[in-house]
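In what follows, a single structure is set out as structure tokens and then discussed.
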Amino acid sequence: MHTQDTLFRLFPKLFPAGGPPKDPFQVNLRLLRREYRALQGQNHPDVVMGAAGFGPNTTAGSVNDGASSAINHAYATLRNPYTRAAYIVELQHPEKLDITKDDVLKQFIANVQAASQEHSLDYKALLMTVLEAHEALESATSEADLAALEEENTARIEQSEQSLDALLKQTPVPWEAFIIETIELKYWVNIANGIKDWEPGKPVLLTH
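At position 82 of the sequence shown the residue is numbered 251 (my numbering), and the sequence of numbers has no breaks.
In structure tokens form, the structure reads like this:
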């Protein structure tokens with residue numbers, strides 16, 4: 170981990186070492202939210218104005234609004250395991266790849282598939298799993314119908330997070346394997362969001 174300012178350093182209680190790999194990749198979301206709310210309370214413009222005794226012409230939006238926005242952005246990024254992993258790639262990968270950009274991600278997948286028949290087949294299997302989840306969401310008539318899918322998908326997310334944590338602890342980090350695992354995690358998170366947003370009769374849309 171580099172010593173420059175990062176999103177992890179905005180949450181020093183949860184990431185005392187500055188973030189992965191020195192801190193675990195997996196995050197206790199309850200503790201993250203607790204620290205987030207504490208930080209927002211400390212950095213909210215109204216609180217800062219009251220504490221500093223600003224004059225009547227000072228607007229709340231002009232005081233520490235940047236800090237509050239930064240904390241919101243950091244929280245949104247780090248609470249989602251996929252965006253957390255993608256941020257680590259952008260932060261620590263030798264080429265600083267931003268795999269949240271479609272063109273960067275598509276090029277990486279194309280390169281991996283061209284270099285390895287095994288990885289190409291793995292990606293096709295991944296897409297089939299996503300298609301099956303999509304069909305399960307579409308055919309569900311009640312939340313109970315999704316219980317098995319949710320349990321299976323939650324286990325996938327946990328396994329991905331454990332794998333990413335283990336990969337980050339290797340020296341050097343095997344970035345290709347890390348990004349491939351991150352891509353898989355992206356799909357699992359999208360399925361989780363689809364389950365969360367499911368409603369009877371509502372069209373199912375799983376982002377890729």
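Glycine included, every Cβ here is placed at the ideal spot set by N, Cα and C. As the structure is a computational prediction, the values presented were derived from the model and not from experiment.
Taking 8 Å as the upper bound for CB-CB distance, PRO343 and LEU354 are not in contact here, some 16 Å apart. A straight line joining the alpha-carbon of LYS371 with that of TYR356 spans about 20 Å. Restricting attention to GLN276, LEU260 and GLN209, the CA atom closest to the CA of SER237 is found in GLN209. ALA283 places its beta carbon 8 Å or farther from that of ILE268. Leaving aside the five residues that flank THR298 on each side, the residues in its chain whose CB is nearer than 8 Å to its CB run, in chain order, TYR356. Excluding five sequence positions before and after THR310, the CB atoms of its chain that fall closer than 7 Å to its own CB belong to PRO369, given in chain order.
The Cβ atoms of PRO181 and ASP192 do not sit closer than 8 Å to each other.
Residue environment for PRO250: buried (at least 16 other C-beta atoms within 10 angstroms of its C-beta). Residues TRP357 of the same chain have their beta carbon placed closer than 7 Å to that of ARG325, with the five preceding and five following residues left out of the count. Exclusion of the five residues before and after SER332 leaves GLU350 as the residues of its chain whose Cβ lies within less than 8 Å of its Cβ. Distance from the CA of LEU179 to the CA of ARG199, rounded to the nearest whole angstrom, comes to 16 Å.
Taking C-beta atoms under 8 Å as the contact rule, ASN322 and ILE360 qualify, at a distance of about 5 Å. It is roughly 15 Å from the alpha-carbon of THR340 to the alpha-carbon of VAL258. Annotation: the continuous alpha helix (DSSP H) that includes LEU336 extends over 316 to 337. In terms of Cα proximity to THR246, the closest of VAL273, LEU266 and LEU201 is LEU201. For GLU327, the closest C-alpha among the options LYS293, GLU345, VAL281 and PHE194 is that of PHE194.
The Cβ atoms of ILE364 and LEU290 lie no closer than 8 Å to each other.
Classified as exposed, SER308 has fewer than 16 neighbouring CB atoms from the shown chains inside 10 Å of its CB. In the same chain as TRP367, and ignoring 5 residues on each side of it, the C-beta atoms closer than 8 Å to its own belong to LEU306, ALA309, GLU312, LEU315 and VAL373, in chain order.
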